[in-house]
Amino acid sequence: MRRFAVMMSLAVLATTIAPVAAIAGDPYAADPNGVVPFADTVQRVYTAGTDTWDVWVCRTPGWAATVTVSAAVTGLNANVTPYFQWLSNGAYAPSFRAGGEVTGTDVIPAQLTDPESLFAPDCEAKVAAASATSPNGALILVDTPFDEGYATAGAVCPEAPFSGCQTTYPANSRAIVAGAATVKTVSGFTSPQWITIAHEVGHTLNWAHSYGGLNTAPFVDKYDNPMDVMSGAIHRGQPIGTTAYNRYAAGWISPSQVTVHSSGIAIFTINSIGSTGTEMIVLPTTDPGRFYTLDARRKTSFDAPLPKAGVEVYEIDQRREIACILPGAWPATWPCFATLMRVKQTPPAVGEAGTDHVLGVDDSVTLDGWTVQVLSAGTASFTVRVSERDSGRFVDDDGNLHEPNIEIIAGLGITLGCNPPTNDMYCPAKDISRAEMAAFLIRALGEEGNLQPYQAIFPDVPDGQWFTPYVERLANLGITNGYLDGTYRPNGVVNRAEMAAFLVRSFPPAVLAPPTGIFTDAPATEWYAGAAEDLYGRAVTKGCSTSPLKYCPNDPVKRDQMASFLARILGLGT
21 MRRFAVMMSL AVLATTIAPV AAIAGDPYAA DPNGVVPFAD TVQRVYTAGT DTWDVWVCRT
81 PGWAATVTVS AAVTGLNANV TPYFQWLSNG AYAPSFRAGG EVTGTDVIPA QLTDPESLFA
141 PDCEAKVAAA SATSPNGALI LVDTPFDEGY ATAGAVCPEA PFSGCQTTYP ANSRAIVAGA
201 ATVKTVSGFT SPQWITIAHE VGHTLNWAHS YGGLNTAPFV DKYDNPMDVM SGAIHRGQPI
261 GTTAYNRYAA GWISPSQVTV HSSGIAIFTI NSIGSTGTEM IVLPTTDPGR FYTLDARRKT
321 SFDAPLPKAG VEVYEIDQRR EIACILPGAW PATWPCFATL MRVKQTPPAV GEAGTDHVLG
381 VDDSVTLDGW TVQVLSAGTA SFTVRVSERD SGRFVDDDGN LHEPNIEIIA GLGITLGCNP
441 PTNDMYCPAK DISRAEMAAF LIRALGEEGN LQPYQAIFPD VPDGQWFTPY VERLANLGIT
501 NGYLDGTYRP NGVVNRAEMA AFLVRSFPPA VLAPPTGIFT DAPATEWYAG AAEDLYGRAV
561 TKGCSTSPLK YCPNDPVKRD QMASFLARIL GLGT
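Position one of the sequence shown corresponds to residue 21 (this note's numbering), numbered consecutively onward.
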């Protein structure tokens, strides 16, 4: 199984930024959205234009020669370069050129058992000593038949201006070390594993792994996110895309394409990679340095192998004492940054193929003080509704116009929710079915304790269904007779005409006055007109339009609207 590693030497960092005690200022000053620490002096040193890499082959004891520098360079420029051009929307291109060959003394075992097994310090030293062309980094191919790799982020300069930092190899210590299977088809693989090289280039751009944290045996699995090239151990061959946060940190998404939503309710369209519109939503938390991001992924181009398209949810944690422990000599005001921060898919999934953090249409998730629901999908985008979480009963009705009345009927036990057994959702935008209407009415009437054994009243209301005793009790009370063909049609949608009849029969007035045609679209001759006008007179409905006054009898009744109708007819609603 392929594994990757990142090596961000604290010794290198401490050397290149010393002395740090006098450094002052805001780590987020270079980012207008305040989410990328040291954006200009850490995250965007190498991410614009051409990033030049010298490619070296290191021969090691016990392994036969399999790869050449020239073939590797050709393959890298044909596969890895186009990937990053796509990912960056043309802003960045790694360029690979011939470095040379060295012979190292590193002993590479015949079987790699963990992410650190492929370790070649002598190869690194030999290449550093032989390098004379000042590239931005060195790609060292250890000529062994493995697809593992590791990388150093290189010297970074959090302090501004960009003083004391080196941007060329070997002074910047920026290197990738990888096995030959990353650039050549070897036994056990069907193609070169370009994804490993792309992953390690990502680390040299100071991108962190993304991982859920649920998969911990025998070590913390930092490769359990199948949506991210910086994780994604299930993928083989060509690389996949990465999070919007990484692309924004690299400068490939402009600040204007990011929205920080701090409060209230809003609907956003989030576009996938390569768009000119919004590509990332940031949802802050009450913890400084911790926030959530939303971005959109589509199964196109390099993302075609993704297991799922949808809206990704990540928790970004830059809290110094929680996400990482920075050396004590570093300023106490510094957050975690670059490869040190924690990027966590939310909610995390069990296994390396889990996509619980990818929301499809109608999916929703609660994030601390936020509720996120995906409303619809376009060809290259998704529309989401984001609302502040309040202390109410359900997670998906926050800010809804009918929420106070939903809370009322929930408190009375008239509704239990719509997603058993959790039942933390109400599904306010869903059309109410005739089965649900029966349950609502029986509970509102206090008749749930009088449910009877199966009576076979309707042929389409069989024994054993959750709604059957409610429908049959409704018939016993004379509130419904069903349709002329003798059926009840429990899955049918209740429209506003039927709703009026149901409510007036369940909660009849002392006298039902004859209709006069007050609604322009509900003539007095219609069978439901008297019930609709009675509900209007009791302020249960306000109609669907006031000028002119209309009732919209054929419109389906939504569950949020039904909550208000019930709360009002009970004399409790607004």
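Just so you know, even glycine gets a beta-carbon here, dropped at the ideal spot from N, CA and C.
{"Asked": "Across which residues does DSSP place residue 117 in a beta bridge pair?", "Found": "74"}
{"Asked": "If you pair each beta-carbon of the region 201 to 217 with each one of the region 342 to 349, do three or more pairs fall below 8 Å?", "Found": "no"}
{"Asked": "By the DSSP assignment, the beta strand (DSSP E) with residue 171 in it spans what residues?", "Found": "169 to 172"}
{"Asked": "On the CB-based measure, 16 or more other CB atoms within 10 Å of its CB, does residue 472 come out buried or exposed?", "Found": "exposed"}
{"Asked": "Does the region 428 to 436 come within contact of the region 562 to 569, defined as at least 3 CB pairs closer than 8 Å?", "Found": "no"}
{"Asked": "Look up residue 310 in the DSSP assignment and give the residues it is bridged to.", "Found": "337"}
{"Asked": "By Cβ distance below 6 Å, which residues in the same chain neighbour residue 405 in space, the five residues on each side in sequence not counted?", "Found": "287, 393, 395"}
{"Asked": "Within this structure, are the beta carbons of residue 327 and residue 399 separated by less than 7 Å?", "Found": "no"}
{"Asked": "Along the chain, where does the alpha helix (DSSP H) containing residue 579 start, and where does it finish?", "Found": "579 to 589"}
{"Asked": "Using the Cα positions of residue 148 and residue 140, report the straight-line distance between them to the nearest angstrom.", "Found": "13 Å"}
{"Asked": "Classify residue 243 as buried or exposed, calling it buried when 16 or more other Cβ atoms lie within 10 Å of its own Cβ.", "Found": "buried"}
{"Asked": "Quick check on this structure: which residue in 529, 240, 195, 235 has the alpha carbon closest to the alpha carbon of residue 220?", "Found": "195"}
{"Asked": "Hey, quick one: how far does the beta strand (DSSP E) through residue 364 stretch, first residue to last?", "Found": "362 to 365"}
{"Asked": "Suppose only complete runs of 3+ residues qualify. What are the beta strand (DSSP E) ranges in the region 357 to 431, listed by chain order?", "Found": "362 to 365, 384 to 387, 390 to 397, 401 to 408"}
{"Asked": "Just mark residue 545 as buried or exposed, buried being the case when its beta carbon has 16 or more other beta carbons within 10 Å.", "Found": "exposed"}
{"Asked": "Can you list the beta strand (DSSP E) stretches of 3 or more residues lying completely in the region 245 to 298, in chain order?", "Found": "278 to 280, 285 to 291"}
{"Asked": "Quick one: using the 10 Å Cβ neighbour count with 16 as the cut-off for buried, is residue 131 buried or exposed?", "Found": "exposed"}
{"Asked": "Could you check whether the region 275 to 294 touches the region 106 to 114, counting it as contact only if at least three pairs of C-beta atoms, one from each stretch, sit closer than 8 Å?", "Found": "yes"}
{"Asked": "Flag this pair as yes or no: are the beta carbons of residue 329 and residue 340 separated by less than 7 Å?", "Found": "no"}
{"Asked": "Since residue 423 and residue 412 should fall inside the 8 Å C-beta cutoff, what is the C-beta to C-beta distance between them, to a whole number of angstroms?", "Found": "6 Å"}
{"Asked": "Would you check if there are 3 or more beta carbon pairs closer than 8 Å linking the region 245 to 258 to the region 209 to 223?", "Found": "yes"}
{"Asked": "Measuring CB to CB, does residue 271 end up less than 7 Å from residue 101?", "Found": "no"}
{"Asked": "So, with DSSP's three-state summary, where would you put residue 575?", "Found": "coil"}
{"Asked": "Could you check whether residue 583 and residue 426 sit closer than 7 Å to each other, using their CB atoms as the reference points?", "Found": "yes"}
{"Asked": "Helix, strand or coil, according to DSSP, for residue 570 in the structure here?", "Found": "strand"}
{"Asked": "Distance, Cα to Cα, residue 90 vs residue 111?", "Found": "26 Å"}
{"Asked": "Can you look up residue 112 in the DSSP assignment and give me helix, strand or coil?", "Found": "strand"}
{"Asked": "Return the chain-ordered list of same chain residues with a C-beta closer than 8 Å to the C-beta of residue 210, the five sequence neighbours on each side being excluded.", "Found": "256, 257"}
{"Asked": "So which of 312, 269, 259 has the shortest CA-CA distance to residue 320?", "Found": "259"}
{"Asked": "Looking at C-beta atoms only, is the number of pairs between the region 67 to 82 and the region 115 to 126 that lie closer than 8 Å three or more?", "Found": "yes"}
{"Asked": "Can you have a look at residue 448 and say buried or exposed, based on whether 16 or more other CB atoms are within 10 angstroms of its CB?", "Found": "buried"}
{"Asked": "Just to confirm, are residue 3 and residue 452 a CB contact at a threshold of 7 Å?", "Found": "Residue numbering for the chain in the displayed model covers 21 to 594; residue 3 lies beyond these limits and cannot be assessed."}
{"Asked": "What first and last residue would you give for the beta strand (DSSP E) that runs through residue 195?", "Found": "195 to 199"}
{"Asked": "Is it buried or exposed, residue 547, if we count other Cβ atoms within 10 angstroms and call 16 or more buried?", "Found": "exposed"}
{"Asked": "How is the beta strand (DSSP E) around residue 157 delimited, first residue to last?", "Found": "157 to 162"}
{"Asked": "Is residue 97 helix, strand or coil when you go by DSSP?", "Found": "helix"}
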